[in-house]
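Residue numbers (my numbering): 29 to 386. Note that the Cβ used here is the ideal one computed from N, Cα and C, for glycine as well. From a predicted model like this one, the values you see are computed outputs, not experimental measurements. All remarks here apply to the structure that follows.
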Ligand SMILES: NC(=O)c1ccc[n+]([C@@H]2O[C@H](COP(=O)([O-])OP(=O)(O)OC[C@H]3O[C@@H](n4cnc5c(N)ncnc54)[C@H](O)[C@@H]3O)[C@@H](O)[C@H]2O)c1
Ligand SMILES: [Zn+2]
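What follows is the structure, encoded as structure tokens:
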């Protein structure tokens, strides 16, 4: 097992990464400072892992809430199910919430923890690759509003994150690929050596090799933690984590949420960012090919949907929340392994990218 510390002063916390961690309750019990626990999970993950976790916490008073699965339930109404359970079972301010699930469960449980009695402890047990490498690191929690994704939320850090790689055995291959898009993102924005390692190991990762997955999760979390500790509340540099996301959100919106997985849209979006970076002369054609090859080997899309027109992209990207002062701001590549945030974007080159990437 490897432990990584996210350094945020008195809000610092460890991320434990390795195989078969769930059965080893001695690893996570020290992070629970209460007699009461409420496990929050969903109806897909509960039949797989809830009983096992409960059995490991036999010394505590354990309640659980099973939420309906899916991004469409990530809202205030579902959040209320958590509050109702906590109140009905008389959980007090010293209780601990445990998120057992992917990013949807993690974001909702974290936000519930931030709000319940003005803040209680919580622990993340992420069960998807995406939640291990992305959503469980950095303290963004929240729910969707009908008028916008993740619009209601809080920055709130957990006491610990337990990333048990063995839980990924049951995760569908398509979800593994979607998580790999964010993993590859870290290589592109800040870690060339990791990008090279991914080129050499992508098939092992796709095959579910736990040693390779553990290393990829560790290295991803290290990269994200490094950015987050510099800029916890996204005042500046943290925005580089959005490589491919402005293009990707346009694709997600055009396709309707749920048709493309987030990671799939981000993959196509990163290709678009790479294409524009190439047109600006910052990366070479062979760099661009390395990026698309790695994404293709991860079974990820490398083009936007054929039917999406440049006009549609412009319209959809114009309303993106990362637009500052009405100007489009994009994360682009300066080289393989380093990113820049810029609003100095040539509209002609951008149109060429839209035309080339579908
Ligand atoms: N807070 C952040 O910083 C942050 C960052 C990135 C993404 N997010 C959020 O994360 C969410 C996406 O997370 P996700 O990709 O994990 O999706 P998800 O939570 O919807 O999980 C994907 C699917 O896999 C199922 N599942 C989870 N673990 C499983 C397992 N071990 N075996 C079998 N099935 C399993 C889930 O029930 C679900 O059907 C989005 O809501 C996004 O906004 C948040
Ligand atoms: Zn993302």
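* Asked: Would you say the region 216-224 touches the region 171-183, given that touching needs at least three Cβ pairs under 8 Å?
  -> no
* Asked: Does the beta carbon of residue 46 fall short of 6 Å from some heavy atom of ligand 3?
  -> Absent from the structure shown: ligand 3. Ligands present: ligand 1 and ligand 2.
* Asked: Which whole runs of the alpha helix (DSSP H) in the region 350-384 are 4 residues long or more, in chain order?
  -> 375-384
* Got a sec: does ligand 2 put a non-hydrogen atom nearer than 6 Å to the Cβ of residue 294? -> For the purposes of this step, residue 294 is identified with residue 266 of the chain shown, where counting begins at 1. Yes.
* **Backbone CA spacing between residue 211 and residue 249 [nearest angstrom]** => Taking the chain shown and counting its residues from 1, the one referred to as residue 211 is at position 183. Taking the chain shown and counting its residues from 1, the one referred to as residue 249 is at position 221. So the alpha carbons of these two residues sit roughly 9 Å apart.
* To the nearest angstrom, report how far apart residue 121 and residue 355 are at their CA atoms. => Residue 121 sits at position 93 when you count from the first residue of the chain shown. Residue 355 sits at position 327 when you count from the first residue of the chain shown. Answer to the nearest angstrom: the Cα atoms are 44 Å apart.
* Tell me which same chain residues have a C-beta within less than 6 Å of the C-beta of residue 305, skipping the five on either side of it? -> Along the chain shown, one-based indexing puts residue 305 at 277. Cβ within range, chain order: 311, 360, 361.
* With burial defined as no fewer than 16 other Cβ atoms inside 10 Å of the residue's Cβ, what is the status of residue 337: buried or exposed? -> Position 309 of the chain shown holds residue 337. Exposed is the call here.
* **Straight-line gap, residue 347 to residue 358 (C-alpha atoms, nearest Å)** => Indexing the chain shown from 1 puts residue 347 at position 319. Indexing the chain shown from 1 puts residue 358 at position 330. For residue 347, the predicted structure reports a pLDDT of 47, less than 50, and the residue's modelled location is therefore unreliable. A value from the coordinates is still provided. Their Cα atoms are separated by approximately 13 Å.
* Cα-Cα separation between residue 174 and residue 132, rounded to whole angstroms -> The count along the chain shown starts at 1 and reaches residue 174 at position 146. The count along the chain shown starts at 1 and reaches residue 132 at position 104. So the alpha carbons of these two residues sit roughly 16 Å apart.
* Looking only at its own chain, which residues have a Cβ that is under 6 Å from the Cβ of residue 193, when we skip the five neighbours before and after it? -> By 1-based counting over the chain shown, the position of residue 193 is 165. Excluding positions up to five away in sequence, the list reads 47, 238, 241, 242.
* Of the choices 123, 146, 101, whose alpha-carbon is the least far from that of residue 135? -> The residue you call residue 135 lines up with position 107 of the chain shown. Here the closest residue by C-alpha is 101.
* Under 6 Å from any heavy atom of ligand 1, does the C-beta of residue 194 make it? -> Residue numbering aside, residue 194 sits at position 166 when the chain shown is read from its first letter. Residue 194 Cβ: outside cutoff for every heavy atom of ligand 1.
* Asked: What did DSSP end up calling residue 329 once you bin it into helix, strand or coil?
  -> Here residue 329 is taken as the residue at index 301 of the chain shown, counted from 1. Coil.
* Asked: Does the beta-carbon distance from residue 70 to residue 129 come in below 7 Å?
  -> Numbered from its first residue, the chain shown carries residue 70 at position 42. Numbered from its first residue, the chain shown carries residue 129 at position 101. For residue 70 and residue 129, yes; Cβs fall inside 7 Å.
* Can you list the beta strand (DSSP E) stretches of 3 or more residues lying completely in the region 62-118, in chain order? -> 64-70, 89-95
* Tell me, please, whether the region 286-300 touches the region 194-201 by the rule of three or more beta-carbon pairs shorter than 8 Å. => no
* Relative to ligand 1, is the shortest distance from any of its heavy atoms to the C-beta of residue 236 smaller than 6 Å? -> On the chain shown, residue 236 is found 208 positions in, with the first residue counted as 1. Residue 236 Cβ: outside cutoff for every heavy atom of ligand 1.
* **Between the CA atoms of residue 213 and residue 271 - distance to the nearest angstrom** => Here the question's residue 271 lines up with position 243 in the chain shown. Here the question's residue 213 lines up with position 185 in the chain shown. For residue 271 and residue 213, the distance between alpha carbons rounds to 7 Å.
* To do: Tell whether a beta-carbon distance below 7 Å holds between residue 366 and residue 208.
  => The count along the chain shown starts at 1 and reaches residue 366 at position 338. The count along the chain shown starts at 1 and reaches residue 208 at position 180. No, they are not a contact pair.
* Asked: If we count the other Cβ atoms within 10 Å of its Cβ and call it buried at 16 or more, is residue 247 buried or exposed?
  -> Translated into the one-based positions of the chain shown, residue 247 becomes position 219. By the 10 Å Cβ count, residue 247 comes out buried.
* To do: For residue 417, I'd like the list of residues in its chain whose CB is within less than 7 Å of its CB, leaving aside the five on either flank, ordered along the chain.
  => Limits of the chain in this structure are 29 at one end and 386 at the other, which puts residue 417 out of reach.
* Asked: Comparing alpha-carbon positions, which option in 204, 315, 110 lies nearest residue 155?
  -> For the purposes of this step, residue 155 is taken as the residue at position 127 of the chain shown. For residue 155, the nearest C-alpha among the options comes from 204.
* Asked: Buried or exposed: which applies to residue 61, given that a residue is buried once 16 or more other Cβ atoms fall within 10 Å of its Cβ?
  -> Against the chain shown, residue 61 aligns to sequence position 33. Flag for residue 61 reads exposed.
* If you draw a straight line from the C-alpha of residue 75 to the C-alpha of residue 127, how long is it? -> If you number the chain shown from 1, residue 75 lands on position 47. If you number the chain shown from 1, residue 127 lands on position 99. So the alpha carbons of these two residues sit roughly 15 Å apart.
* **Closer than 6 Å: residue 163 CB and nearest ligand 1 heavy atom** => Numbered from 1 along the chain shown, position 135 holds the residue referred to as residue 163. Under cutoff, so the answer is yes.
* To do: Kindly examine ligand 1 and report whether one of its heavy atoms sits closer than 6 Å to the Cβ of residue 284.
  => Taking the chain shown and counting its residues from 1, the one referred to as residue 284 is at position 256. Not so, every heavy atom of ligand 1 lies at least 6 Å from the Cβ.
* Return the CA-CA distance between residue 377 and residue 369, expressed in angstroms with no decimal places. => By one-based count along the chain shown, residue 377 stands at place 349. By one-based count along the chain shown, residue 369 stands at place 341. If I take the Cα positions, the gap works out to 17 Å.
* To do: Report yes or no: is there a C-beta of chain B within less than 7 Å of the C-beta of residue 90?
  => In the displayed structure, chain B is absent; only one protein chain is listed.
* Rounded to whole angstroms, what's the CA-CA distance from residue 232 to residue 49? Just pull it up for me. => The residue you call residue 232 lines up with position 204 of the chain shown. The residue you call residue 49 lines up with position 21 of the chain shown. Cα to Cα, residue 232 sits roughly 21 Å from residue 49.
* residue 236 versus residue 141 - alpha carbon distance -> Walking along the chain shown from the start, residue 236 turns up at place 208. Walking along the chain shown from the start, residue 141 turns up at place 113. Distance between the alpha carbons of residue 236 and residue 141 is about 32 Å.
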